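Undergrad:
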Amino acid sequence: MRTKKKNDTLGVLARLLRDNKENIMNANRRDILSCRSAGASMLDRLKTDESKISGMIASLKLLKKMPDPENRTIYSYKHRNGLKIENRTVPFGTILIIYESRPDVTIEAAATAFKAGNKVILRGGTESRKTNIVLTKLWRRALAACGLSADYVSYLDLDRKKIKEFIKNSREPDLIIPRGGKGLIDFVKKNTDIPVIASGRGNNFLYLDKKSDLAMAAKIIINGKSRISVCNALDKVLINRDLPDLKNSLFKLTEALLSAGIAVYGDRPVCRLDKKIKEIRDDSAFAEEFLSAKIFISLVKDIDTAIDLINEYSGGHSAAIITADAKKALKFQNEVDCAAVYHNASTRFTDGGEFGSGAEIAISTQKLHFRGPIGPNELVTNKWFINGRGQIRK
Numbered sequence: 023m024r025t026k027k028k029n030d031t032l033g034v035l036a037r038l039l040r041d042n043k044e045n046i047m048n049a050n051r052r053d054i055l056s057c058r059s060a061g062a063s064m065l066d067r068l069k070t071d072e073s074k075i076s077g078m079i080a081s082l083k084l085l086k087k088m089p090d091p092e093n094r095t096i097y098s099y100k101h102r103n104g105l106k107i108e109n110r111t112v113p114f115g116t117i118l119i120i121y122e123s124r125p126d127v128t129i130e131a132a133a134t135a136f137k138a139g140n141k142v143i144l145r146g147g148t149e150s151r152k153t154n155i156v157l158t159k160l161w162r163r164a165l166a167a168c169g170l171s172a173d174y175v176s177y178l179d180l181d182r183k184k185i186k187e188f189i190k191n192s193r194e195p196d197l198i199i200p201r202g203g204k205g206l207i208d209f210v211k212k213n214t215d216i217p218v219i220a221s222g223r224g225n226n227f228l229y230l231d232k233k234s235d236l237a238m239a240a241k242i243i244i245n246g247k248s249r250i251s252v253c254n255a256l257d258k259v260l261i262n263r264d265l266p267d268l269k270n271s272l273f274k275l276t277e278a279l280l281s282a283g284i285a286v287y288g289d290r291p292v293c294r295l296d297k298k299i300k301e302i303r304d305d306s307a308f309a310e311e312f313l314s315a316k317i318f319i320s321l322v323k324d325i326d327t328a329i330d331l332i333n334e335y336s337g338g339h340s341a342a343i344i345t346a347d348a349k350k351a352l353k354f355q356n357e358v359d360c361a362a363v364y365h366n367a368s369t370r371f372t373d374g375g376e377f378g379s380g381a382e383i384a385i386s387t388q389k390l391h392f393r394g395p396i397g398p399n400e401l402v403t404n405k406w407f408i409n410g411r412g413q414i415r416k
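This is the structure we're talking about:
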């Protein structure tokens, strides 16, 4: 597909989103009414208001400006016999995205795959069906307006049983990307032999070193909970037990968190220092992704203990260290096994747009094919192109 066709389609889609704002929000209100008993986290992901639509439009405009990831030369070699050998980027083909709650995925993730030259099959959750159908129709209008087949973006309006049959027996998708909780990811992996890129869970950790700026730390930790439904939210804070003036520092941090509307939990040593912290008596909290306005605090002996805990319990998504010691920061970033590792910054930045890759299709926590925010440059594979003049191998 030519770059101009792709970019024209993204531009038309951005205009259609702007012109159909009310239709999208009306469909979304009907979805929300059908999900009134859902938790705050799901409702936050489901809600599609003017701000969310503006975000979709901004993502499309950014993707339109980005270089085309298709047909880039990765490697070039001229054989001694004159063969010209090139390795180039090519689309995967057809990508199936299975996702929960978030209608913005219908635009942003699909546009990311489309920019890389792929066809996209979408299957959103039943809770966002009405919004997703409206958005898919806008996609198809944009494709038609630019002379492209409507098959480039389609919606799989099937129930869970039929989805299971589709991914087990279909050979149409070349790749499946499940975006959602562990249950969804496990369901997909269990029921298909099509390659899968898993957009894993969050459960992100922050380590507060004994040499650190406490005011900065509090600001970063609170920002880590600025949205509770996202996978880059912060859940755990590990504090070096040799932090100067530990009791008073913990008291100030707890006060700041509670004032921000964040419930504070901790293990027994932490709770002994500050009675306002609610105790959790077993280690299960370390592995839990909260998806709520809740932080768990624990004291650790040193940076090595913190690294071990993160590598054992986190979702492999994002982790941060707050420290004035550059050597410790580098050790942390090298040894923590997460897709994104931060020094003195919030985990909330783990996002394709924030990393300069435009919209993202997912944030992968696996090491193949790619790890971290997956933008258009990561939604291609490679192919060898060899041109000759009758050469044969002797």
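If you use the working numbering, the sequence shown corresponds to residues 23 to 416, in order.
Beta carbons: idealized from backbone N, C-alpha and C, even for Gly.
Note that the structure is predicted; figures quoted are calculated from it, not measured.
In whole angstroms, give me the CA-to-CA distance for Asp373 and Leu256.
TA: Straight-line Cα distance between these residues: approximately 14 Å.
Undergrad: Are the beta-carbon atoms of Gly288 and Phe318 separated by less than 8 Å?
TA: It is a contact, given that the beta carbons lie within the stated cut-off.
Undergrad: Reducing DSSP to helix, strand and coil, say where Thr70 ends up.
TA: Note: Thr70 maps to coil in three-state DSSP.
Undergrad: Which same chain residues end up closer than 6 Å to Ile335 when comparing Cβ atoms and leaving out the 5 residues on each side of it in sequence?
TA: In the sequence on display, residue 335 carries Tyr and not Ile. Excluding sequence neighbours, Tyr335 sits near Phe308, Ala309.
Undergrad: Looking at C-alpha atoms only, which residue of Glu194, Lys204, Ala381, Arg162 is the closest neighbour of Phe114?
TA: Out of Glu194, Lys204, Ala381, Arg162, Glu194 has the C-alpha closest to the C-alpha of Phe114.
Undergrad: Taking C-beta to C-beta, are Lys28 and Asp90 nearer than 8 Å?
TA: The answer is yes: Cβ separation under 8 Å.
Undergrad: Looking at Ile216 and Ile476, is the spacing between their C-beta atoms short of 8 Å?
TA: Any property of residue 476 remains undetermined from this structure, which presents the chain solely from 23 to 416.
Undergrad: Since Lys74 and Asp126 should fall inside the 8 Å C-beta cutoff, what is the C-beta to C-beta distance between them, to a whole number of angstroms?
TA: The Cβ separation is near 6 Å, so the contact holds.
Undergrad: Out of Arg201, Arg223, Ala282, Val252, point me to the one whose CA is closest to Ala240's CA.
TA: Measuring from the Cα of Ala240, the nearest candidate turns out to be Ala282.
Undergrad: Let me confirm a value: Trp406 is counted as buried when at least 16 other C-beta atoms fall within 10 Å, else exposed. Which label applies?
TA: So Trp406 counts as exposed.
Undergrad: Can you give the beta carbon distance from Ala167 to Val34, rounded, assuming they're within the 8 Å contact cut?
TA: Rounded, the Cβ-Cβ distance is 5 Å, consistent with contact.
Undergrad: Going by beta-carbon coordinates alone, are Ser176 and Gly147 separated by less than 8 Å?
TA: It is not a contact, given that the beta carbons lie outside the stated cut-off.
Undergrad: If you follow the alpha helix (DSSP H) that Tyr174 is part of, which residue opens it and which one closes it?
TA: Segment: none, Tyr174 is in no alpha helix (DSSP H) and carries neither H nor E.
Undergrad: Please state the DSSP three-state secondary structure of Ala135.
TA: It is helical.
Undergrad: What is the DSSP secondary structure of Asp257, counted as helix, strand or coil?
TA: Here Asp257 sits in strand by DSSP.
Undergrad: Does the Cβ of Leu55 lie closer than 7 Å to at least one heavy atom of the ligand FAD?
TA: In terms of ligand content, the structure shown is empty, and the ligand FAD therefore cannot be addressed.
Undergrad: Whole beta strand (DSSP E) runs in the stretch 179–252 with 3 or more residues, listed along the chain?
TA: Segments of the beta strand (DSSP E) lying fully in the stretch 179–252: 197–201, 226–230.
Undergrad: So, using beta-carbon positions, are Ile385 and Ala361 closer together than 8 Å?
TA: Cβ distance < 8 Å, so Ile385 and Ala361 count as in contact.
Undergrad: For Arg370 and Met78, I'd like the C-alpha separation in whole angstroms.
TA: Using only the alpha carbons, I get a separation of about 18 Å.
Undergrad: Please determine, among Asn262, Arg145, Gln413, Lys159, the residue with the shortest C-alpha to C-alpha distance to Phe188.
TA: Nearest C-alpha to Phe188: Arg145.
Undergrad: Is it true that the stretch 379–393 meets the stretch 204–224, where meeting means three or more beta-carbon pairs spaced less than 8 Å apart?
TA: Counting Cβ pairs under 8 Å, three or more are found: they touch.
Undergrad: Please confirm if the stretch 149–156 is in contact with the stretch 98–108, defined as three or more CB-CB distances below 8 Å between the two stretches.
TA: Touching, no, given that fewer than three Cβ pairs across the two stretches are closer than 8 Å.
Undergrad: If I follow the unbroken beta strand (DSSP E) through Phe318, where does it start and stop?
TA: It spans 316–322 - the beta strand (DSSP E) in which Phe318 sits, taken as one unbroken run.
Undergrad: Just to confirm before moving on: does the CB-CB distance between Asp196 and Thr116 stay below 8 Å?
TA: Cβ distance < 8 Å, so Asp196 and Thr116 count as in contact.
Undergrad: Between Leu419 and Ala135, is the Cβ-Cβ spacing less than 8 Å?
TA: As displayed, the chain neither begins before 23 nor continues past 416, which places residue 419 out of reach and without an answer.
Undergrad: Can you name the start and end residues of the alpha helix (DSSP H) that Glu44 belongs to?
TA: Run containing Glu44: 43–56, per the alpha helix (DSSP H) assignment.
Undergrad: Identify whether Glu382 lies in helix, strand or coil by the three-state DSSP scheme.
TA: Glu382 falls in the coil class under three-state DSSP.
Undergrad: Within this structure, are the beta carbons of Leu236 and Ser271 separated by less than 8 Å?
TA: Going by C-beta atoms, Leu236 is nearer than 8 Å to Ser271.
Undergrad: Which residue's Cα is closest to the Cα of Ala328: Gln355, Lys26, Leu55?
TA: Out of Gln355, Lys26, Leu55, Gln355 has the C-alpha closest to the C-alpha of Ala328.
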